[in-house]
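Take a look at the structure set out below.
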Amino acid sequence: MPDDGDTRERAVCPACDTIHYENPLNVVGTVPYWGERVLLCKRNIEPRRGKWTLPAGFMELGETTAQGAARETVEEAGAQFEMEGLLSLLSVPRVGQVHLFYRARLLSDRFEPGAETIEARLFAEDEVPWEEIAFRTVRETLVFYFDDRRRGCFDVHTLDVT
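Here it is, written out as structure tokens:
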């Protein structure tokens, strides 16, 4: 453990005393919408292959959270859209991740899904396959989105997924 007042056990290189920090990964994505419907992607990769999700993935170095969310939306859904505000920020400490989802107004209802997606499809709230949603963070974000849409006002929502 470093002798600098740090309260966590950390890996330290015995040769050069470099401290190796382990930090959470950022998962970034969008809630793409077309009128009253949202775009979901059926996963073609593990984990949870065959389940529905919002377009999202790990943020890359050198990009902002919004840029990463936009990139993932293009890669997974082949969607044309305009980025809007942040909708949800969810901490998932069990797996060392932070998930951020932005609203994205679709400019077309045509999609060209990439290799990670079996199918990209629009769903009204009552059509969402809730039992087939891949991740709790996606389910919670969809609930936030539909609740806010009904109220006519979008907020930024935070949640600790424990």
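Our numbering numbers the first residue of the sequence shown as 2 and each following residue consecutively. Ideal Cβ placement from N, Cα and C applies to all residues, glycine included. Given the structure is predicted, the values throughout are model-derived calculations rather than measurements.
Start-to-end residues for the alpha helix (DSSP H) that takes in residue i
i, result
"Phe-147", "137–152"
"Val-129", "Per DSSP, Val-129 belongs to no alpha helix (DSSP H) and is neither H nor E."
Reduced DSSP category for residue i - H, G, I as helix; E, B as strand; rest coil
i, result
"Pro-3", "Confidence is the limiting factor: at Pro-3 the pLDDT is only 46, short of 50, which leaves the residue's position unreliable, though a coordinate-based value still follows. Pro-3: coil per DSSP, three-state reduction."
"Asp-161", "strand"
"Gln-98", "strand"
"Thr-74", "helix"
"Ala-1", "The displayed coordinates of the chain run from 2 to 163. Any statement about residue 1 would go beyond what the structure contains."
"Ala-105", "strand"
"Thr-66", "helix"
Whole-number beta carbon distance between residue j and residue i, since they are thought to touch under 8 Å
i, j, result
"Pro-33", "Thr-74", "6 Å"
"Leu-91", "Leu-160", "5 Å"
"Trp-53", "Pro-130", "5 Å"
The ligand SAM heavy atom lying under 7 Å from the CB of residue i
i, result
"Ala-121", "The ligand content of the structure shown is nil, which means the ligand SAM is not present either."
Review point. Counting pairs of Cβ atoms below 8 Å between the stretch 142–155 and the stretch 60–76, do you hit three or more?
Key: no
Check your understanding: Is it a yes or a no for the stretch 38–46 touching the stretch 10–30, going by three-plus beta-carbon pairs under 8 Å?
Key -> no
Point to revise | Cβ contact (3+ pairs, closer than 8 Å) linking the stretch 77–88 and the stretch 122–135 | key: no
Check your understanding: On the three-pair Cβ rule with 8 Å, is the stretch 21–31 touching the stretch 97–115?
Key -> yes
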